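Note that this note's numbering gives residue 213 to position 212 of the sequence shown, counting from 1, and the numbers run on in steps of one. No residue lacks a Cβ here, since even glycine has one placed at the ideal position from N, Cα and C. On a predicted model such as this, the values are computed, not experimentally measured, just so you know.
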Amino acid sequence: MNYKERKAEDNVSTVMQFVLLGFSDLPQLQGLLFVLFSIIYMIILIGNSLIIIITRLDIALQKPMYFFLANFFFLEICYVSVTLPRILVNLWTQDRIISVLDCAIQMCFVLMLGATECFLLMVMAYDRYVAVCNPLHYPLVMNQKMCTKLAVGSWISGIPVQIGQTCQIFSLHFCDCNQINHFFCDIPPILKLACGDTSVHEVSVYVVAILFVAVPFVLILASYSKIIFTILRLPTARGRAKVFSTCSSHLLVVVLFFGSATITYLRPKSDHSAGMDKLLSLFYTIVTPMFNPMIYSLRNKDVIAALRKLLLKK
C-alpha cells in the first residue's frame, strides 16, 4: 500500500502516516468481525455502565470498595473506547490509514489509561488489605477524603511519564515501512518500524513497565499474601468464605490484566511476534473489560442484590 513520506535533512525518509493492518489477513471475516466487535463493545458499555449506576444509586453500596469499583468500570469504558471504535471503523470502511499524530494520541491514551488501571488495581488491593487485616481502623483510614485522593492519584500519576514516553517513541524515524501489524498503535509494533538503533528506547520501555506494571503487581501480591494469611486465621469456615468471595474477584482480574500486560511489555524483543502481540492486546484491552462486570457481579452478593432491586423497580 502506498504511503506519504518526506525526506529529512539527514536523507532519512520519515513516514507521515501509518496503516493499521489489524485483521486484514482475514478478508473473508471482515463483516463477521465487525458484528462481533460491535456486540462486544455494546456489552462492555452496558455492563460497565450498569455496575457504575447501581454503585451510585444503592445505599448499601456506598462504601470505599464500590467507590473504587465505579472508578474502575468507568476506566474500562474509557480504555476500550480508545481502541475499539477505530477497529470498527477500519473493519467497516477498510480504510486503515491513521496519521502519525492520531497514532501518537491513541498510544498516549492507551498508555495513560493502562497506567491508571495498574494503580487503581493496586489501590483496590490496599482497600481490601485494610478492610480484612485492620477492620477496626478501616473507617478511619479509608475515609472519603483518602478515597478521593487515592482515586485522583491513580488517574493522574501516569500522565507525565506516558506523555514523555510517547514523545520519545515518535521522535524516532520510520523509514522502511509504515504498515503496523496490529489493530491499534502500541509500543512493540511501532518500535519494529523504527530505523536505526532503538536500544535506548527499548530500555526506557522496560523501565517504565517495571515502574507501572511490575511494582504495583508486587505490592498487590504482598497485600493479598497478608489477606490470605488473615483469612486462614478466621475461626469459622463461613467467615473465611465470605471474606474470600469479596477478594477473589479482584484477584482474578489482577491476574488476567497484569499477566497479559507483563508478557506484552516485559518479555524479550526476540520473543515478540505479531500474532502473539495481537492476541495479548485483544485480551487485556477488549476481552477482560467485557468479562470484568460478570466477574465482579457474579461473585458479589451485594452487587447481585442491588441489581435485582434495580430491575424489580423497572
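Beta carbon of LEU92, beta carbon of GLN180: below 7 Å?
no
PRO28: which of LEU76, THR94, GLN63 and SER50 sits nearest, CA to CA?
THR94
Can you give the beta carbon distance from LEU114 to LEU76, rounded, assuming they're within the 8 Å contact cut?
6 Å
Where does PHE245 fall in DSSP's three states?
helix
Please report how far the alpha carbon of LEU308 lies from the alpha carbon of HIS138, in whole angstroms.
30 Å
Leaving aside the five residues before and after PHE110 along the sequence, list all residues of the same chain whose C-beta is less than 6 Å from its C-beta, in chain order.
VAL83
Using 8 Å as the threshold, is the stretch 96-110 in touch with the stretch 167-175, meaning 3 or more CB pairs across them?
yes
What is the C-beta distance between TYR130 and SER224, in whole angstroms, given that I count them as a contact (C-beta under 8 Å)?
4 Å
Which first and last residues belong to the beta strand (DSSP E) in which CYS78 is found?
Residue identity check: residue 78 is Ile in the sequence provided, not Cys. It is not in any beta strand (DSSP E) - ILE78 instead sits in the alpha helix (DSSP H) that spans 65-94.
Note down the Cα distance separating TYR127 from ILE221, rounded to an integer number of angstroms.
7 Å
Measuring straight from C-alpha to C-alpha, what distance separates LEU212 and LEU34?
35 Å
Residues that ILE181 bridges to, as DSSP identifies them
LEU21
Could you give the C-beta distance for VAL124 and LEU151, rounded to a whole number, given that I count them as a contact under 8 Å?
5 Å
Rank LEU235, CYS178, VAL255 and ILE191 by C-alpha distance to the C-alpha of THR167 and give the top, closest one.
ILE191
Is LEU280 near the ligand FMN, going by C-beta to nearest heavy atom under 6 Å?
Absent from the structure shown: the ligand FMN. Ligands present: none.
If you draw a straight line from the C-alpha of ASN12 to the C-alpha of VAL162, how long is it?
Here the model assigns ASN12 a pLDDT of 42, short of 50, so the residue's position is not dependable, and the following value carries that caveat. Distance between the alpha carbons of ASN12 and VAL162 is about 31 Å.
Classify ALA262 as buried or exposed, calling it buried when 16 or more other Cβ atoms lie within 10 Å of its own Cβ.
buried
Simplified DSSP state of SER158, which is helix, strand or coil
coil
Is the beta carbon of PHE74 less than 7 Å from the beta carbon of ILE52?
yes
Pop quiz: MET291 and ILE41 are said to be a contact at Cβ under 8 Å. What is the actual Cβ separation, rounded to whole angstroms?
6 Å
Who pairs with SER39 in a beta bridge, going by DSSP?
Partner(s): none; SER39 has no beta bridge.
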